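Protein sequence lines, in the order shown, are assigned to chains A and G.
Numbering of the first sequence is given in our numbering, commencing with residue 139 and proceeding in unit increments.
Numbering of the second sequence is given in our numbering, commencing with residue 16 and proceeding in unit increments.
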Amino acid sequence: MLNAVEVVGAKPALSETGDAVPGQWFRVRAPLTRRVRIFLAICSFLLPLAVWSAVSYVPFLWHPDVLISDPGDVDYFLPGMRVTKATFASEIANSKTNHTDPPQGTPCNPVYLPAPGDVLAAFYTSFTTPPQDQDGLWLHQSLWQSIQTIFWGFVVSSIIGVPLGILCGAHSGIARLVEPFVEFFRYLPAPAFGTLAVAVLGIYAGPKIAIIVIGTLFQQILIIANTTRKADFALVEAALTLGTRNLRLLTSVIIPSVLPDLYRDQRILLGWAWTYLIVAELIGATTGISLFITQQSRYQHYANVYAAIAMIGILGLGTDLVLAALGRKLFPWDKAAA
Amino acid sequence: MNADTLSYLDQPPEVQARLARLKARNVIVSVEGVSKRFATGQSEVTALESLSFRTHQREFLCVIGPSGCGKSTLARILAGLEPASGGVVRLDGKPVQGPGRERGMVFQGYTLFPWLSVRRNVMFGLRMANISKAEAQRQADEWLALVGLEKFADAYPHQLSGGMKQRVAIIRALVNRPRVLLMDEPFSALDAQTRQRMQAYLLEIWRKVDITIIFITHDLDEAVFLADRILVLDAHPGRLREMIEVPLPRPRDAAQLASPAFAATKARLEALIHGGEAHGEDDPYPAVPLLTSVSNEVE
Chain A
139 MLNAVEVVGA KPALSETGDA VPGQWFRVRA PLTRRVRIFL AICSFLLPLA
189 VWSAVSYVPF LWHPDVLISD PGDVDYFLPG MRVTKATFAS EIANSKTNHT
239 DPPQGTPCNP VYLPAPGDVL AAFYTSFTTP PQDQDGLWLH QSLWQSIQTI
289 FWGFVVSSII GVPLGILCGA HSGIARLVEP FVEFFRYLPA PAFGTLAVAV
339 LGIYAGPKIA IIVIGTLFQQ ILIIANTTRK ADFALVEAAL TLGTRNLRLL
389 TSVIIPSVLP DLYRDQRILL GWAWTYLIVA ELIGATTGIS LFITQQSRYQ
439 HYANVYAAIA MIGILGLGTD LVLAALGRKL FPWDKAAA
Chain G
16 MNADTLSYLD QPPEVQARLA RLKARNVIVS VEGVSKRFAT GQSEVTALES
66 LSFRTHQREF LCVIGPSGCG KSTLARILAG LEPASGGVVR LDGKPVQGPG
116 RERGMVFQGY TLFPWLSVRR NVMFGLRMAN ISKAEAQRQA DEWLALVGLE
166 KFADAYPHQL SGGMKQRVAI IRALVNRPRV LLMDEPFSAL DAQTRQRMQA
216 YLLEIWRKVD ITIIFITHDL DEAVFLADRI LVLDAHPGRL REMIEVPLPR
266 PRDAAQLASP AFAATKARLE ALIHGGEAHG EDDPYPAVPL LTSVSNEVE
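1) Which partner residues does G/A54 have in the DSSP bridge list?
2) So G/A242 and G/L76 are in contact, right, with Cβ under 8 Å, and what is the actual spacing, rounded?
3) For G/A90, return the contacting residues in chain A, with the cut-off set at a CB-CB distance below 9 Å.
4) Along chain A, in chain order, which residues have C-beta atoms closer than 7 Å to that of G/T126?
5) Beta-carbon separation of A/L277 and A/F265 under 8 Å?
6) Does DSSP put A/S428 in a helix, a strand or coil?
7) Where does A/P301 sit, in a helix, a strand or coil, going by DSSP?
8) I'd like to confirm the pairing. Which residues does DSSP put opposite G/T227 in its beta bridges?
9) Taking the alpha carbon of G/P28 as the reference point, which residue from G/I79, G/P262, G/F139, G/T55 has its own alpha carbon closest?
10) Which whole-angstrom value is the C-beta distance of A/T109 and A/G422, which I expect to be below 8 Å?
11) State the start and end residues of the unbroken beta strand (DSSP E) segment that holds G/R254.
12) Quick one: residues in its chain with C-beta nearer than 7 Å to the C-beta of A/I416, no 5 flanking neighbours on either side, listed in chain order?
13) Tell me whether the beta-carbon of G/L106 lies closer than 8 Å to the beta-carbon of G/V195.
14) Out of G/G290, G/V239, G/H233, state which residue places its alpha-carbon closest to the alpha-carbon of G/A352.
15) Nearest CA to the CA of A/M449: which residue from A/G465, A/V351, A/L258?
16) The beta strand (DSSP E) spanning G/C77 covers which residue range?
17) Is the shortest distance between the beta-carbon of G/N191 and the beta-carbons of chain A less than 8 Å?
18) Find out if the Cβ-Cβ distance for the pair G/L37, G/E74 is shorter than 8 Å.
19) Answer with yes or no whether the minimum CB distance from G/W130 to chain A is below 8 Å.
20) Mind checking G/F53: buried by the 16 CB within 10 Å criterion, or exposed?
21) Label A/P318 either buried or exposed according to how many other C-beta atoms from any shown protein chain fall within 10 Å of its C-beta, with 16 as the threshold for buried.
22) Between G/R187 and G/G140, is the Cβ-Cβ spacing less than 8 Å?
23) Quick check: what's the CA-CA separation for A/R466 versus A/S390?
24) Is the shortest distance between the beta-carbon of G/S115 and the beta-carbons of chain A less than 8 Å?
25) Distance cutoff 8 Å, beta carbons only. Does G/F139 sit that close to anything in chain A?
26) Check G/R283 in the structure and name its three-state DSSP category.
27) Does G/E312 get closer than 8 Å to chain A when you measure Cβ to Cβ?
28) In whole angstroms, what is the alpha-carbon distance linking A/G454 and A/I297?
29) In this structure, does DSSP put G/N17 in helix, strand or coil?
30) Considering just the uninterrupted stretch of the beta strand (DSSP E) at A/P470, what are its terminal residues?
31) Establish whether the CB of A/G465 and some CB of chain G are separated by less than 8 Å.
32) Going along chain G, which residues have a C-beta under 8 Å from A/S395?
33) Bridge partners of G/H71, per DSSP?
34) On the DSSP letters alone, give me the boundaries of the alpha helix (DSSP H) that A/G353 sits inside.
35) Name the two residues that bound the continuous alpha helix (DSSP H) containing G/R142.
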């Protein structure tokens, strides 16, 4: 009997190690081994990259344009110019009928889709290329400017949003007073306040930070309030029977009990703030990574543009991974993070 | 002697003497005509109806009854977590309002603070009473040693077993030196073996500490094993059915579970709780026969 119990107990453990159960090819939420998890995470980046590489390096897949290598006798063709396949074909036909020197070229993709290799190279070259404008910024300076805008926008939003959200989540009266207006305001698109922000705060950092605050704060209040509301009430009751009263319920029970969740919310909201960055930077005097991107696309350096966009992603994901690791250190008792 | 001839009313002399001493002691909690009604949409449900009883100093009182008899509601009213619709609860003669540290509570679920170490959980009530950190720590360590958990002082609750968690929850309440300890089915989430161990532990703690315990349970064995007196409640509405005096001498041990007095008391409880009108002809939940023959036919 005891053996039978052990065997039954051992079965789920077997499937946890990845052993297939016959006839069951779609196992709902089956746990993955560490190796499989890492492999799939790498694939999640490699797959889009593979599609991009295929489109870039396999000539017959797309390549709607022709990159001119020798213009021949076509007067408006230049070496390095991209023309559509139709134009190229008609000029070839022209040169045949007129017996002129035909143009030469190879199939290529439009200028706005650089190959992965070019973008990879641009990661390096865009840092080493001096700014094209006289008082322009190097890429690392642009990035630093963007990071500062994000940082201050998020700090200002959090200083107001976190305490207010916690109070709303803990006290029904405050929630009733604050939340209806916040619910209304969060539907107003932050960029709509752009000109107003410039009029009030000038053209430099002020309005940009304000846009990030407007974009983040109102969501933040509601999200933090909602998380605070989910605090386990059984713990509050336990604290009541242990003699806890009034604000100490908030500081000693509610806040610590939801702190890991608040931390997770803040990570999500920081990602939110990043999405407002480009809009914010275009307001007033364009600055930061947006300035770099607009300038590079003006010169049709699309590889640099892609590199800059990818850098925002890498910075955002990198920050989040660091914060997630920090969270596991800060809240060792939190099971959801472990 | 067997259970058929022995009545639960037959108390050995030492038990008689003990209960007489008990009832001569101060009244700690006095429940006077307490009612509780819940509004459910249009209608009203009466969970408790004019319930009255008293507990004396160092008494171990169990409250038992069928599900829906308002046992947990009673515990919550005594703790002050819910107001009564009528009647008064007195502690040392004074009416109570709202929760307070003089009425400790151990809940059915695990309510240790997961962000605090075991020691800090035990210190919690003392810190709320503004007792210095050093003193709170000294007292917490003393209590942890009492329940044999001193080695786990720095562990977090999620690292403990269910039984250990409830031991911590008990001393977390006791460290406040409450007048009464309310326990709302504290061991019902534990497996049978752990539950028995915890019952023995609880009696051991209760023997060493001057504390009155009101223990809510639905487990008949648990009630008989632990209690001096058992308050049996009726369901719908929750009313006092009978106050049973347990004829078992103390200290209690596992051997008593097999004694005729134990069986007789348990039989009486069973008759009160399960033998009522609910299992008569108008049983709302008649037993459905299992369709075992169907599977045989298929094979």
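Backbone N, C-alpha and C fix where the C-beta goes; we use that ideal spot for every residue, glycine too.
Quick caveat, the model's predicted, so the values are computed rather than measured.
Taking the definition as stated:
1) Its beta-bridge partners are G/E59.
2) 6 Å
3) Ordered by position in chain A, no residue passes the 9 Å Cβ test against G/A90, which lies about 10 Å from the chain.
4) A372, L373, A376
5) yes
6) helix
7) helix
8) G/V195
9) Selected option, being the one with the closest Cα: G/P262.
10) The question about residue 109 of chain A has no answer, for chain A in this structure spans 139 to 476.
11) 254 to 260
12) S428
13) Yes; because the gap between Cβ atoms is below 8 Å, this pair is in contact.
14) Residue 352 of chain G is absent from the model: chain G starts at 16 and stops at 314.
15) A/L258
16) 75 to 79
17) yes
18) yes
19) Under the Cβ distance rule, G/W130 counts among the residues neighbouring chain A, one pair being separated by less than 8 Å.
20) exposed
21) Result: exposed.
22) yes
23) 21 Å
24) Here the sequence assigns Gly to residue 115 of chain G, which means Ser is not the residue at that position. Yes, because at least one Cβ of chain A sits closer than 8 Å to the Cβ of G/G115.
25) Contacts with chain A at 8 Å (Cβ-Cβ) include G/F139.
26) helix
27) At G/E312 the pLDDT is 41, less than 50, meaning the model places this residue with poor confidence; the figure from the coordinates comes in the next sentence. So no, G/E312 is outside the interface.
28) Roughly 21 Å separates the two Cα atoms.
29) In this prediction, G/N17 scores a pLDDT of 48, lower than 50, which makes its location untrustworthy; no coordinate-derived value is stated.
30) Unbroken run through A/P470: none, as it is neither H nor E.
31) no
32) F128, P129, W130
33) G/V42
34) 343 to 367
35) 133 to 143 is the span of the alpha helix (DSSP H), which, as asked, contains G/R142.
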